Amino acid sequence: MFEPVSYQGTLKNNFDMLNKQLVSLIEGETDRTANLANASALLNQFLENVNWTGIYLYHEEDGELVLGPFQGLPACIRIPFEKGVCGTSAAEKRTVRVDDVNSFPGHIACDAASRSEIVVPLLKEGSLIGVLDIDSPVYHRFSEEDEQYLEQFAETLSAHL
Numbered sequence: 001m002f003e004p005v006s007y008q009g010t011l012k013n014n015f016d017m018l019n020k021q022l023v024s025l026i027e028g029e030t031d032r033t034a035n036l037a038n039a040s041a042l043l044n045q046f047l048e049n050v051n052w053t054g055i056y057l058y059h060e061e062d063g064e065l066v067l068g069p070f071q072g073l074p075a076c077i078r079i080p081f082e083k084g085v086c087g088t089s090a091a092e093k094r095t096v097r098v099d100d101v102n103s104f105p106g107h108i109a110c111d112a113a114s115r116s117e118i119v120v121p122l123l124k125e126g127s128l129i130g131v132l133d134i135d136s137p138v139y140h141r142f143s144e145e146d147e148q149y150l151e152q153f154a155e156t157l158s159a160h161l
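Under full-length UniProt numbering, the first residue of the sequence shown carries the number 1, and numbering increases by one thereafter.
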């Protein structure tokens, strides 16, 4: 059973605890959907000032990202590869952090309340699995430090998929 904890330390210590919680939830579980759902839920309860947290899975045969498990309002189901923040992150296999989504060329607005966004690729042995997408109703919500720790979270998650 999962018991929420209070994150009161440094950002690094809090993310270290988050990663330990992630491992305890997904280690030994072979169902990808269950692991992605728990990862989304865990991030959603951990992060402050976010309005959407979820996964888009890469469908190579269709050349697009398809909505996976998430927390938040209903979202865009399919995102073309290389389009928007998610598609850019997927195509370039790198994290894309956007302080103001309105200034991002080709931004795909799934939730009108979103003001900033961070998208982290999920990679396994260099191959794209999908992307971790987090939106916030606050401009400049995600820092370089958040980016670093979310990349570690994504790496931990990808290793168990």
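Think of the CB as a built atom: it goes at the ideal place given N, C-alpha and C, for glycine as much as any other residue. All of these numbers come straight from a predicted model, not from anything done at the bench.
If we count the other Cβ atoms within 10 Å of its Cβ and call it buried at 16 or more, is residue i buried or exposed?
i, result
"R78", "exposed"
"Q148", "exposed"
"G126", "exposed"
"G63", "exposed"
"D133", "buried"
"R42", "Rather than Arg, the amino acid found at residue 42 in this sequence is Leu. When all chains shown are included, L42 counts as buried."
"R141", "buried"
"A109", "exposed"
"D100", "exposed"
"S158", "buried"
"S40", "buried"
"S136", "buried"
"G9", "exposed"
"L18", "buried"
"L73", "exposed"
Suppose contacts are defined by Cβ-Cβ distances below 8 angstroms. Is residue i in contact with residue j by that definition?
i, j, result
"E60", "H160", "no"
"E117", "V98", "yes"
"Y56", "I129", "no"
"V119", "V138", "no"
"P121", "A75", "no"
"N123", "K93", "Sequence inspection shows Leu at residue 123; the Asn mentioned does not correspond to that position. Yes, the Cβ-Cβ distance between L123 and K93 is below 8 angstroms."
"S145", "L11", "The residue you asked about is not Ser; residue 145 is Glu in the sequence shown. Against a cut-off of 8 angstroms, the Cβ pair of L11 and E145 comes out as a contact."
How is residue i classed by DSSP in three states: helix, strand or coil?
i, result
"T10", "coil"
"V23", "helix"
Using 8 angstroms as the Cβ pair cut-off and three pairs as the minimum, do the region 78-91 and the region 139-155 touch?
Touching, no.
What ranges does the beta strand (DSSP E) occupy inside the UniProt domain "GAF" (31-161), keeping only unbroken runs of at least 3 residues that lie completely in it?
Taking only runs of at least 3 residues, the beta strand (DSSP E) segments lying wholly in the UniProt domain "GAF" (31-161) are 52-59, 64-72, 78-80, 96-98, 116-124 and 127-136.
Pairing CB atoms from the region 29-39 with CB atoms from the region 68-78, are three or more of them under 8 angstroms?
yes
If contact is defined by three or more beta carbon pairs under 8 angstroms, each pair taking one atom from either stretch, is the region 106-117 in contact with the region 44-55?
Under the Cβ criterion (8 angstroms, minimum of three pairs), the region 44-55 counts as touching the region 106-117.
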